[in-house]
Structure formats: structure tokens, C-alpha cells
Amino acid sequence: MISTDDIKFYSFIAIFVIVVAGGVYLYFGGSKNFTQPKQEVKTTQSQPAQGNQPGTVASAPTGSSVTIKNFAFSPSVLRIKAGDTVTWTNQDSIPHSIKSTIFNSSPFNQGNSVSFKFEQKGAYDYTCGIHPAMTGQIVVE
Ligand SMILES: [Cu+2]
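If you read the sequence shown in the working numbering, its first letter stands for residue 779, the second for the next number, and so on.
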């Protein structure tokens, strides 16, 4: 026969299991909620760095130097003033070149640089003459 004490004991066990299971559920559900917003923020932050979007030109870095490394121009969009000279330096172990409507360089090797003086205002897209997938832009203001 099942006594009243047995019923109390099994009720206690049942409630204990429900509480623990609920706690585990909340723990894993909660950690998911904390992880997802972080990933969304990362995605948002990585978009401006891709460059060449009209909206990102205003936030593009200024300066006079572009580094070529790992088959990419850095910064991909550079803002300068009319009359400024831009210098590209190749840090890759293979040669690259600069190809655009107003400036074309010969291929240059690791550690070497080429320079070009931009006189006219405008946005100048360029690529590597050897690797057309490498793109960059000089914005002359
Ligand atoms: Cu190249």
C-alpha cells in the first residue's frame, strides 16, 4: 500500500525535478538570447569596413598611404585633398600594380612603392592590373 508519507515524498521529488529542468531550460534559453545580439552587432560593424559603398565615403580614412597586403588595398577607400600624393606600398611576396583611368603603374614587388599625385577632385576607382578582383578607391575632395 502507498502511504501518505510516500505520496509526499514522491510529490517532493516530482517538484524538485520540474524546478531543476526549468532551471536548465532557462539557462540554455538565456544564453542563446545573450549570444544572438552580439552576432548581429558584429555583422553591423563589419559592413563599413568593406568600403566602396557611397554611404561609407564620409567615414573613410584620410591620409596618403595605401598598403597592399593579402591581395587587398588597405584602406580600400582613402580620402585625400586635391593636390595630395598617394603612395601604395606592396607588402605581398608577389608583384601588384595600380590600374585606373588616370594612373597605371608597372608591377612592383614586395617592399616597393608607387606614387601618384591627384590634381582633380572626384572619386577614382582602381584595381590591381594583375588581379582585377583587388579594388580600391581614392576620393579626392
Ligand atoms: Cu595584384
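A virtual CB, placed ideally from N, CA and C, is assigned to each residue, including glycine. Computed from a predicted structure; not experimentally measured.
Annotation for V918: the continuous beta strand (DSSP E) segment containing it runs T913 to V918.
CA-to-CA, the gap between F886 and A836 works out to about 30 angstroms.
The residue among S891, L856, D862 and P873 with its C-alpha nearest the C-alpha of G907 is P873. Distance from the C-beta of I876 to the nearest heavy atom of ligand 1 is not below 6 angstroms. The beta-carbon distance between V918 and Y904, rounded to whole angstroms, is 12 angstroms. This is too long to meet the 8 angstroms contact definition.
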